[in-house]
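So the structure is just underneath, and the comments pick up after that.
2 protein chains.
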Amino acid sequence: MGLQQETSLSSECIWQLRAIKDTMELLSGKWKIQIIGTLLRGGTMRFMELKRALNGIAPKKLSNDLQELEVNKLITREVKDTKPITVEYSLTEHGKTLDSLIAEIIEWGCTHRKEIITG
Amino acid sequence: MGLQQETSLSSECIWQLRAIKDTMELLSGKWKIQIIGTLLRGGTMRFMELKRALNGIAPKKLSNDLQELEVNKLITREVKDTKPITVEYSLTEHGKTLDSLIAEIIEWGCTHRKEIITG
DNA sequence: GAAACTAGTTTCCTTTTAGAAACTATTAAA
DNA sequence: TTTAATAGTTTCTAAAAGGAAACTAGTTTC
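Here it is, written out as structure tokens:
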């Protein structure tokens, strides 16, 4: 779930391939960018708040993705001593640095769709 | 293999989710960014040149990914009337616009690794 | 005529990813 | 006392992704 080791060393640009792999493994999948985007917009949110905001996500998936994001220090998880207990998730400062990358992903996607549709 | 339709309409920001999905579906997977990056560096390349540059890719995977990139107008495929026939793959102008996005993916990946390693 | 190069395709198999449904356990409200 | 909310976990299943090996088919070199 953390950073992976390289298995073969072929080119002198291994560090670039490694950086691509690190980033893409964190952002790939159906829900991870949506989770980060939701926390960017909504700030601190509880588990069920996230679940409701992310229309259709299964609790298992949300739980697993949140754990992976926490291991990678993009979010923090804080258990509140309320009754019933609540758990608050927030982006770290490091997690917030994904803001501009996600914005560029959105922008390229828009440009791309225009390119494909208008032929 | 082309652009997907939305199935549900939940928020007013559907176009953003759609743009993220479009971009990530094109870039996700083990080889696609590597193929694009190889063509960015190497310019026009033949099938076997690409296969050799992309250490370890199976011909089936390379063939499938190239078709998907072609459908999305990121690359062109040109059959040359040589003997034996050769096939040349190049990035389109649209494909080349991924350059800066990939650069940012690499940069974020480097920053991230430092963040994780140095605690 | 056999081997090798071109660019793939086909088949089979394993791994990864995701979803649905049911369940745990604590607490509070009606 | 039943219902509902909190935050998950467990189990089972389906679909997607990826890899290995063999094969096609035309041409060229040895």
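First to last, the protein sequences are chains C and Z.
At position 77 of the first sequence (counting the first as 1) the number is 77 in our numbering, and the numbers step up by one without a gap.
At position 89 of the second sequence (counting the first as 1) the number is 1089 in our numbering, and the numbers step up by one without a gap.
The C-beta atom is built at its ideal place from N, Cα and C for all residues, glycine as well.
Every value quoted in this text rests on a predicted model; they were computed, and no experiment measured them.
- Distance between Z:Thr1086 and Z:Ala1019 (C-alpha atoms, nearest Å): In the second sequence, counting from the first residue as 1, residue 1019 of chain Z sits at position 19. In the second sequence, counting from the first residue as 1, residue 1086 of chain Z sits at position 86. So the two alpha carbons sit approximately 35 Å from each other.
- Message: Could you check whether the Cβ of C:Glu68 sits closer than 8 Å to any Cβ belonging to chain Z?
- Response: Numbered from 1 along the first sequence, position 68 holds the residue referred to as residue 68 of chain C. Not an interface residue.
- Item | Residues that C:Ser28 contacts on chain Z, provided the C-beta gap is smaller than 9 Å | Walking along the first sequence from the start, residue 28 of chain C turns up at place 28. Residues of chain Z passing the Cβ test: Met1024, Leu1027, Ser1028 and Gly1029.
- Message: In whole angstroms, give me the CA-to-CA distance for Z:Leu1062 and C:Ala53.
- Response: Counting from 1 along the second sequence, the entry for residue 1062 of chain Z is found at position 62. Counting from 1 along the first sequence, the entry for residue 53 of chain C is found at position 53. Taking the straight line joining both Cα atoms gives about 38 Å.
- Since C:Gly109 and Z:Thr1023 are thought to touch, with beta carbons under 8 Å apart, how far apart are those beta carbons, to the nearest angstrom? Position 109 of the first sequence, counting from 1, holds the residue named residue 109 of chain C. Position 23 of the second sequence, counting from 1, holds the residue named residue 1023 of chain Z. Contact flag correct, Cβ pair sits at about 4 Å.
- Item | Test: C:Glu49 CB closer than 8 Å to a CB of chain Z | Here residue 49 of chain C refers to the residue found at position 49 when the first sequence is read from its first residue. It does not: the Cβ of C:Glu49 has no partner Cβ on chain Z nearer than 8 Å.
- Task: Within the same chain, show all residues whose beta-carbon is closer than 6 Å to that of C:Ile75, passing over the 5 residues directly before and after it, in chain order.
- Result: The residue labelled residue 75 of chain C in the question sits at position 75 within the first sequence. Excluding positions up to five away in sequence, the list reads Leu69, Tyr89, Leu91 and Gly95.
- Please classify C:Lys32: is it buried, with 16 or more other beta-carbons within 10 angstroms of its beta-carbon, or exposed? Taking the first residue of the first sequence as position 1, residue 32 of chain C is located at position 32. So C:Lys32 counts as buried.
- Kindly examine the ligand NAP and report whether one of its heavy atoms sits closer than 7 Å to the Cβ of C:Lys73. Summarising the ligand content, the structure contains no ligands, and the ligand NAP is consequently not present.
- Query: For C:Ile75, which beta-bridge partners are listed by DSSP?
  - Reply: For this step, residue 75 of chain C is matched to residue 75 along the first sequence. Partner(s): C:Leu91.
- Mind listing the chain C neighbours of Z:Leu1101? Cutoff is C-beta to C-beta under 8 Å, in chain order. Here residue 1101 of chain Z corresponds to residue number 101 of the second sequence, with the count starting at 1. Near Z:Leu1101 (Cβ distances below 8 Å), the residues of chain C are Glu104, Ile105 and Trp108.
- Give a yes or no on whether the minimum CB-CB distance between C:Thr118 and chain Z is below 8 Å. Translated into positions along the first sequence, residue 118 of chain C becomes position 118. The beta carbon of C:Thr118 does not come within 8 Å of any beta carbon belonging to chain Z, so the residue lies off that interface.
- Query: Leaving out the 5 sequence neighbours to the left and right, which residues in its chain are closer than 6 Å to Z:Thr1044 when beta-carbon positions are compared?
  - Reply: Position 44 of the second sequence holds residue 1044 of chain Z. So the qualifying residues of the chain are Glu1088 and Ser1090.
- Query: Nearest to Z:Ile1117 by CA position, among C:Asn72, C:Ile14 and C:Ser100, is which residue?
  - Reply: Walking along the second sequence from the start, residue 1117 of chain Z turns up at place 117. The shortest Cα separation from Z:Ile1117 among C:Asn72, C:Ile14 and C:Ser100 belongs to C:Asn72.
- Message: Please tell me whether C:Leu39 has its Cβ less than 8 Å away from any Cβ of chain Z.
- Response: If you number the first sequence from 1, residue 39 of chain C lands on position 39. With a threshold of 8 Å between beta carbons, C:Leu39 makes no contact with chain Z.
- Item | Whole-angstrom distance between Z:Leu1017 and Z:Glu1006, CA atom to CA atom | Position 6 of the second sequence, counting from 1, holds the residue named residue 1006 of chain Z. Position 17 of the second sequence, counting from 1, holds the residue named residue 1017 of chain Z. Summary for Z:Glu1006: the model assigns pLDDT 37, below 50, so the residue's position carries little reliability, and this model does not support an answer.
- Task: Anything in the region 51–85 of chain C with a Cβ closer than 8 Å to a Cβ of chain Z? List those residues in chain order, please.
- Result: Asn55, Gly56, Asn72 and Lys73
- Task: Determine the closest residue to C:Gly29 out of C:Ile57, C:Ala103, C:Arg77 and C:Lys51, with distance taken between C-alpha atoms.
- Result: Counted from its first residue, the first sequence places residue 29 of chain C at position 29. Out of C:Ile57, C:Ala103, C:Arg77 and C:Lys51, C:Ile57 has the C-alpha closest to the C-alpha of C:Gly29.
- Out of C:Glu115, C:Leu98 and C:Ile106, point me to the one whose CA is closest to Z:Glu981's CA. Limits of chain Z in this structure are 1001 at one end and 1119 at the other, which puts residue 981 of chain Z out of reach.
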